[in-house]
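Notes to accompany the following structure.
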Amino acid sequence: MPTLYYSPGACALASHIAMEEAGAPYDLKKIDLRAGEQRTPEYLAVNPKGSTPALATAEGNLSENVAILAYIARSHPGKDLAPEDPWGFAQFVSFNAYLGGSVHPALGKVLFSRPPLEGQAKTDATELALSKLDMVETHLMKEPWALGDWSLSDGYLYVFERWAFSAGLLDKARFPKLNAHLKAVQARPAVQRVLKVEGLEPL
Ligand SMILES: N[C@@H](CCC(=O)N[C@@H](CS)C(=O)NCC(=O)O)C(=O)O
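Everything in the sequence shown is counted per our numbering, starting at 22 for the first residue and increasing by one.
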């Protein structure tokens, strides 16, 4: 059975939602980032990057949400977790790569910089993060789901909608699609189960 290593509310939430949506059994191991558990020798043996998520499988240990989502989708054909045709699957990877490569670092810098950003540095970082969300809202996002039909991209996008919403950055007038999407994702039973396990409230 695969084991997902996660940290509550962190980007591993995307992989957690993916495992729950796939509906196959899995184990969960919580890594407390604040306590530094990502840097213990035991965890570094699973993921030498010292970050979550990681998925331990019979084939080996996998890191990076983009790869984990692709692996989960391809491991559960017929579950509608991602498009199965080559072009559709490439769109899925493309959307996820933008989240992982552009939205995550930009938003993460605003929210999690230590020491916290201040003054002009904070303003600049916030503008950059908002411009990444603008790209999703205006150009990348289809409706009602990120790719049109539901896919694991939706759980991944939900992570950053949660972060932006919690920081007061998800203005309803500027991001109507992202606001509606956040509510739609957290109405899904699998997502509600994951939020409960991670101790998170729906927003
Ligand atoms: N690109 C990686 C990023 C993983 C990542 O940075 N995870 C953060 C939590 S959102 C983490 O574990 N950080 C470790 C730390 O704070 O020391 C992915 O998408 O899986």
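From the three backbone atoms N, C-alpha and C, an ideal C-beta is built for every residue, glycine too.
Residue i versus residue j: straight-line alpha-carbon distance, rounded
i	j	result
residue 32	residue 159	23 Å
residue 137	residue 121	22 Å
residue 113	residue 97	15 Å
residue 206	residue 84	24 Å
Minimum C-alpha distance to residue i - residue among the options
i	options	result
residue 43	196, 173 and 118	173
residue 82	72, 68, 90 and 93	68
residue 199	39, 163, 103 and 47	163
residue 185	222, 132 and 202	132
residue 45	102, 125 and 75	102
residue 127	140, 144 and 115	144
residue 210	202, 38, 166 and 27	38
Sequence-distant residues of the same chain with beta carbon closer than 7 Å to residue i, five excluded per side
i	result
residue 78	23
residue 35	86, 90, 176, 177 and 180
residue 110	103 and 104
Close beta carbons around residue i, own chain, < 8 Å, minus the five adjacent residues each side
i	result
residue 193	200
residue 47	22, 23, 24, 25 and 40
residue 71	59, 60, 64 and 65
Beta-carbon proximity list for residue i, same chain, < 6 Å, skipping 5 on both sides
i	result
residue 130	146
residue 49	25
residue 222	none
Where the beta strand (DSSP E) through residue i begins and ends
i	result
residue 82	81–84
residue 50	48–51
N-terminal and C-terminal residue of the alpha helix (DSSP H) that residue i is part of
i	result
residue 198	197–207
residue 211	210–219
residue 39	34–43
**OP:** Please go through the segment 100–183 and give each complete alpha helix (DSSP H) segment of 4 or more residues, from N-terminal end onward.
**Re:** 107–119, 125–133 and 140–156
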